[in-house]
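In terms of my numbering, the numbers along the sequence shown are unbroken and rise by one, the last being 170. Beta carbons: idealized from backbone N, C-alpha and C, even for Gly.
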Amino acid sequence: MNLYEHTIIARQDASPSDIKQITEKYSNIVEKNNGEVVKTENWGLLNLSYLIKKNKKGSYIHFKIKCNGNVINELEKNEAIDKKLLRYLTVKVKDFDLKTNYFNKKDESEKKLA
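This is the structure in structure tokens:
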């Protein structure tokens with residue numbers, strides 16, 4: 057099995073319940089195709105570098121997936137027709153970094169220093 061990091065950008069007007077539904081929907085697609093979602097991270101609402109479909113911000117959802125390439129094809133096929141999503145990106149990696157959480161609201165190392 058291959059290791060992938062998969063990031064989805066949902067529309068800025070998506071509610072927290074919409075984000076949860078999107079996360080569950082794509083996690084289920086991975087699991088139905090004999091893949092495994094190792095970790096899911098909700099990075100929250102972040103500014104985009106440029107306008108995408110008239111949106112200045114997007115809600116980022118990041119998956120760490122262990123699966124075969126056909127699962128990624130199935131994911132991207134479903135995401136291409138989903139109106140709630142702005143963009144998606146899949147990157148094949150050699151190893152997961154499961155310890156670091158890059159998008160915490162307040163970095164825990166700063167809390168320890170204070």
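Backbone CA spacing between residue i and residue j [nearest angstrom]
| i | j | result |
| --- | --- | --- |
| Tyr116 | Gln68 | 10 Å |
| Ala170 | Leu101 | Unreliable positioning characterises Ala170 in this predicted model, as indicated by a pLDDT of 48, which lies under 50. A coordinate reading is not provided. |
| Gly125 | Asn58 | 8 Å |
| Gly114 | Ser71 | 11 Å |
Nearest-angstrom Cβ-Cβ length linking residue i and residue j, presumed shorter than 8 Å
| i | j | result |
| --- | --- | --- |
| His62 | Ile121 | 6 Å |
C-beta atoms of residue i and residue j nearer than 8 Å
| i | j | result |
| --- | --- | --- |
| Tyr172 | Ile64 | One cannot answer for residue 172 here, as it falls past the ends of the chain, which runs 57 to 170. |
| Ile78 | Glu130 | no |
| Lys95 | Leu154 | yes |
| Asn98 | Ile75 | yes |
Residue i burial status per 10 Å Cβ neighbour count (16 or more: buried)
| i | result |
| --- | --- |
| Glu132 | exposed |
| Ala66 | buried |
| Glu135 | buried |
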